[in-house]
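Chains as they are written, first to last, in this note's numbering: chain U, 3 to 114; chain B, 168 to 281.
We treat Cβ as the ideally placed atom computed from N, Cα and C, and that holds for glycine.
The model shown is predicted, which means the values in this text are computed figures rather than measured ones.
See below for the structure under consideration.
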């Protein structure tokens with residue numbers, strides 16, 4: 003079945019540091035890929051998405067490129083801020099009647 | 168621009184009560200989902216629905232049921248609440264069609280069963 007693997011956390015960075023959060027997937031067919039962010043006490047917000055190979059999703063300084071050859075969708079940001087502290091989930095969706103499949107999520111803490 | 172709305176942010180219920188969690192989406196999405204989120208366990212799928220009156224069990228359906236009488240509304244029902252159902256419940260909807268792939272979540276309902 004479909005699966006998403008995220009790197010182990012938590013991750014703690016200093017403000018303005020470079021961020022990479024790894025995500026790899028296994029899926030039948032050609033999934034759409036998503037990153038969601040969850041701030042404390044909130045639901046999940048869509049951060050960015052990519053629907054086909056080599057697409058780059060971007061939003062709020064975050065980027066992720068859909069790499070079919072490595073089945074990856076790593077999240078990057080050049081300079082993190084304290085306000086980026088949250089839990090980040092990688093997810094995929096395949097087929098018209100498929101379920102969203104999530105990674106376990108990773109907690110990012112950014113210190114001033 | 169609210170897209171997925173859950174009826175309550177916080178709920179406190181007693182053991183044995185019947186509990187209804189409501190979710191409404193305004194995007195005409197075919198698919199709707201209920202997840203629960205617990206520390207260290209990530210998001211676990213309870214039920215999902217890909218059409219009106221259709222439902223599919225997720226990974227942890229025991230103790231829950233669902234109802235989808237209208238396309239925009241997906242209800243999660245705890246027939247007899249128990250303390251181990253204390254959790255954050257998240258509703259989502261999605262659509263997958265050419266040129267339009269999206270999935271959105273509600274703000275979550277934190278349920279406490281006492």
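Take residue i as the anchor and find which of the options has the nearest alpha-carbon.
i	options	result
residue 24(U)	16(U), 18(U), 17(U) and 12(U)	12(U)
residue 27(U)	100(U), 35(U) and 61(U)	35(U)
residue 100(U)	225(B), 278(B), 194(B) and 243(B)	225(B)
residue 244(B)	238(B), 208(B) and 188(B)	188(B)
residue 3(U)	109(U), 110(U) and 103(U)	103(U)
residue 190(B)	207(B), 258(B), 210(B) and 196(B)	258(B)
residue 198(B)	281(B), 278(B), 279(B) and 269(B)	269(B)
residue 271(B)	48(U), 59(U), 67(U) and 79(U)	48(U)
residue 87(U)	5(U), 19(U), 29(U) and 7(U)	19(U)
residue 227(B)	205(B), 236(B), 239(B) and 238(B)	205(B)
residue 237(B)	256(B), 201(B) and 195(B)	195(B)
residue 95(U)	33(U), 5(U), 61(U) and 66(U)	33(U)
What separation, rounded to the nearest whole angstrom, lies between the Cα atoms of residue i and residue j?
i	j	result
residue 31(U)	residue 114(U)	43 Å
residue 84(U)	residue 171(B)	27 Å
residue 212(B)	residue 219(B)	19 Å
residue 221(B)	residue 46(U)	25 Å
residue 43(U)	residue 192(B)	21 Å
residue 72(U)	residue 108(U)	21 Å
residue 63(U)	residue 75(U)	16 Å
residue 59(U)	residue 22(U)	14 Å
residue 207(B)	residue 68(U)	27 Å
residue 8(U)	residue 277(B)	25 Å
residue 234(B)	residue 173(B)	15 Å
residue 29(U)	residue 186(B)	35 Å
residue 65(U)	residue 80(U)	9 Å
residue 201(B)	residue 6(U)	19 Å
residue 61(U)	residue 183(B)	44 Å
Roughly how far, in whole angstroms, is the beta-carbon of residue i from the beta-carbon of residue j, given that I think they are within contact range, below 8 Å?
i	j	result
residue 112(U)	residue 15(U)	5 Å
residue 254(B)	residue 203(B)	4 Å
residue 17(U)	residue 82(U)	7 Å
residue 209(B)	residue 106(U)	4 Å
residue 38(U)	residue 91(U)	4 Å
Less than 8 Å between the beta carbons of residue i and residue j, yes or no?
i	j	result
residue 246(B)	residue 232(B)	yes
residue 249(B)	residue 230(B)	yes
residue 70(U)	residue 55(U)	yes
residue 97(U)	residue 263(B)	yes
residue 216(B)	residue 241(B)	yes
residue 281(B)	residue 252(B)	no
Taking residue i as part of the beta strand (DSSP E), name the residues at either end of that continuous run.
i	result
residue 199(B)	198-205
residue 215(B)	209-216
residue 23(U)	21-23
residue 245(B)	240-245
residue 77(U)	77-79
residue 40(U)	34-40
residue 236(B)	231-237
residue 176(B)	That residue, residue 176(B), is in no beta strand (DSSP E); it is neither H nor E in DSSP.
Please name the residues in the segment 78-111 of chain U whose beta-carbon is closer than 9 Å to at least one beta-carbon of chain C, in chain order. Here the protein chains are U and B, and chain C is not one of them.
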